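Number of protein chains: 2
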Amino acid sequence: MIFTASQIQAMDRTYRLNLINSFPGMKPVNLVGTISSEGLSNLAIISSVVHIGSDPPLIGFMMRPSNTPRHTYTNIKEANEFSINMVTHKFVDRAHFTSGKFSANVSEFQSCGFTESYIAGYHAPLVKESPVKAILSFEEEVHLSSSNSILIVGKIQCLWLQESTLQEDGNINMEKCRPVAVSGLGTYFQPTQLASFPYVGSKVKGLR
Amino acid sequence: MIFTASQIQAMDRTYRLNLINSFPGMKPVNLVGTISSEGLSNLAIISSVVHIGSDPPLIGFMMRPSNTPRHTYTNIKEANEFSINMVTHKFVDRAHFTSGKFSANVSEFQSCGFTESYIAGYHAPLVKESPVKAILSFEEEVHLSSSNSILIVGKIQCLWLQESTLQEDGNINMEKCRPVAVSGLGTYFQPTQLASFPYVGSKVKGLR
Numbered sequence: 407m408i409f410t411a412s413q414i415q416a417m418d419r420t421y422r423l424n425l426i427n428s429f430p431g432m433k434p435v436n437l438v439g440t441i442s443s444e445g446l447s448n449l450a451i452i453s454s455v456v457h458i459g460s461d462p463p464l465i466g467f468m469m470r471p472s473n474t475p476r477h478t479y480t481n482i483k484e485a486n487e488f489s490i491n492m493v494t495h496k497f498v499d500r501a502h503f504t505s506g507k508f509s510a511n512v513s514e515f516q517s518c519g520f521t522e523s524y525i526a527g528y529h530a531p532l533v534k535e536s537p538v539k540a541i542l543s544f545e546e547e548v549h550l551s552s553s554n555s556i557l558i559v560g561k562i563q564c565l566w567l568q569e570s571t572l573q574e575d576g577n578i579n580m581e582k583c584r585p586v587a588v589s590g591l592g593t594y595f596q597p598t599q600l601a602s603f604p605y606v607g608s609k610v611k612g613l614r
Numbered sequence: 407m408i409f410t411a412s413q414i415q416a417m418d419r420t421y422r423l424n425l426i427n428s429f430p431g432m433k434p435v436n437l438v439g440t441i442s443s444e445g446l447s448n449l450a451i452i453s454s455v456v457h458i459g460s461d462p463p464l465i466g467f468m469m470r471p472s473n474t475p476r477h478t479y480t481n482i483k484e485a486n487e488f489s490i491n492m493v494t495h496k497f498v499d500r501a502h503f504t505s506g507k508f509s510a511n512v513s514e515f516q517s518c519g520f521t522e523s524y525i526a527g528y529h530a531p532l533v534k535e536s537p538v539k540a541i542l543s544f545e546e547e548v549h550l551s552s553s554n555s556i557l558i559v560g561k562i563q564c565l566w567l568q569e570s571t572l573q574e575d576g577n578i579n580m581e582k583c584r585p586v587a588v589s590g591l592g593t594y595f596q597p598t599q600l601a602s603f604p605y606v607g608s609k610v611k612g613l614r
């Protein structure tokens, strides 16, 4: 079946939200950790983390400053710093719960049962429960004229992981970390490894 | 263990590529379909598709015009159109193979064993084998000053899916479509549903 742009436009808001949010397929699930100038920590679940570059190591994510998570945006601009923390099956329920609208004076770390951890020299709080996490310095924000969205870009300043999950080739072993993926706004998946393919070299001739 | 920015900078290039590309966790896997002004189709695997908005339905992805896939960028700018096609376990091997550097006069559809399909009124080729796909009009490109990357933003003009995979609430059923996820540059995962959580309402009191 085919939906045209005008049919999508005419859909019920929640129906359209579900459809368009599930269109990309499996999305990564991470928690963004920030702290306000008054020292109040904040934690928000995001499914839009995207790899931007490796040299320098740049990671981005989408946000709408006019919507939740408002505090995340303000905190990033104030502290010039944030953390990204991988979400696993062990605490995906509590991570999802950070998407609720909490009062400005309540930290989602406390409300949702996460433990703050810090690295000397940095302000942004990390999620102790997370097996892979990083402190990023705020590099730039890019406003999209086609929507009221912003791409936030950060540079990894400090990357924390368990030594046992790091492979010889630099890849993080996902069968050991067990991150979840999300479809739409709240359907979570546990991935199992299917196949690993090498880099495809230059000037290949085709499969057949 | 902790890697600092200078330690990451000093890593072997491939090691760093693997590490930083696997940092976000599970990434969506899609094929971008385009066509040149001479009528030659092109297909490129991407793991950076990101939901930007639902009203209007905007989808973005990252690319480096200076690197592969060059043809994709040129074609999008020429035709003002492209397609995004979900990758499943059935053809993930062939989808990965599109990342090879083929000659300019060879279509990855042919080289990698995919079937082109078209929707009347649009130019961009769709992947017949894909269970969820869309034609998008090119809306904007955003250059990042922190890297030589571009965020391409498209608006869904036509969304194609099998009726049996569409749920009553508008969500696409991933257990039926079975898209894969990718970690790093080439480790693919098959996700199984773990949990589905409702939207978290406003002014919640916390889990405890």
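Going line by line, the protein sequences match chains Z and G. Every position in the first sequence, counted from 1, becomes a number in the numbering used here once 406 is added. Every position in the second sequence, counted from 1, becomes a number in the numbering used here once 406 is added. All C-beta atoms, glycine included, are put in the ideal place defined by N, C-alpha and C. Quantities reported herein were computed from a predicted structural model and do not represent experimental measurements.
The straight-line gap separating the alpha-carbon atoms of Z/F488 and Z/P531 is approximately 8 Å. Taking C-beta atoms as the reference points, G/A601 and Z/V588 fail to come closer than 8 Å. In the structure shown, Z/V456 adopts extended strand secondary structure according to DSSP, grouped into three states.
Annotated as proximal: Z/Y421 and G/D575, with beta-carbon spacing under 8 Å. Between the segment 520-531 of chain G and the segment 453-463 of chain G there are fewer than three inter-stretch CB-CB distances shorter than 8 Å, so the stretches are not counted as touching. Under the three-pair Cβ rule at 8 Å, the segment 552-572 of chain G counts as touching the segment 407-417 of chain Z. G/M580 is classed as buried because its beta carbon has at least 16 other beta carbons within 10 Å across all chains shown. Taking a 10 Å sphere around the C-beta of Z/H477, we find 16 or more other C-beta atoms and assign the residue as buried. Relative to the Cα of Z/I578, the nearest Cα in the group G/R419, G/M417 and G/P430 belongs to G/P430.
In the structure shown, the three-state DSSP call for G/Q563 is strand.
Z/I525 carries a coil assignment under DSSP once its states are collapsed to helix, strand and coil. With a beta-carbon spacing of about 6 Å, G/P537 and G/M492 fall inside the 8 Å limit used to define contacts.
Under DSSP, Z/H549 shares a beta bridge with Z/I556. Pairing G/G560 with G/R584, the inter-Cα distance amounts to about 24 Å. For Z/V455, the nearest CB of chain G lies under 8 Å from its own CB, placing it at the interface with that chain. Taking a Cβ-Cβ threshold of 7 Å, the residues of chain G close to Z/G459 are S553 and S555, in chain order. For the segment 575-593 of chain Z, the set of positions with a beta-carbon nearer than 7 Å to some beta-carbon of chain G reads D575, G576, N577, I578, M580, P585, V586, A587, S589, G590, L591, G592 and T593 in chain order. Judged by their CB atoms, G/L449 and G/F515 are nearer to each other than the 8 Å cut-off. At a cut-off of 8 Å between C-beta atoms, G/V533 does not count as an interface residue with respect to chain Z. A direct Cα-to-Cα measurement between Z/S555 and G/F467 gives close to 14 Å. Remark: C-beta atoms of G/L437 and G/A501 approach each other more closely than 8 Å. Counting the other Cβ atoms within 10 Å of the Cβ of G/N427 gives 16 or more, which makes it buried. For Z/K433, the chain G residues whose Cβ falls inside 7 Å of its Cβ are P434, in order along the chain. In the three-state reduction of the DSSP assignment, Z/E487 falls in the strand class.
The alpha-carbon separation between Z/S513 and G/C518 amounts to approximately 50 Å.
Contact note: G/A510 does not reach chain Z at a C-beta cutoff of 8 Å; the least C-beta distance is about 11 Å. If you ignore the 5 residues before and after G/K539, its C-beta comes within less than 7 Å of the C-beta of S489, I490, N491, M492, L532, V533 and W566, all in its own chain and listed in chain order.
When the five nearest sequence neighbours on each side are left out, the beta carbons in the same chain lying within less than 6 Å of the beta carbon of Z/G590 are those of N424, N427 and S428, in order along the chain.
The alpha-carbon separation between G/T598 and G/E444 amounts to approximately 42 Å. Counting along the chain, Z/I441 sits inside the beta strand (DSSP E) bounded by residues N436 to I441. Per the DSSP secondary-structure output, Z/I426 pairs with nothing in a beta bridge. Its chain contains I556 and L557 as the residues whose beta carbon lies nearer than 8 Å to that of Z/L550, once the 5 sequence neighbours on both sides are disregarded; these appear in chain order. In the DSSP assignment, Z/I414 falls within the alpha helix (DSSP H) that extends over A411 to Q415. With respect to Z/S509, Z/N481 sits apart: the two C-beta atoms are not nearer than 8 Å. Here the C-alpha atom of Z/E547 lies approximately 25 Å from the C-alpha atom of G/V435.
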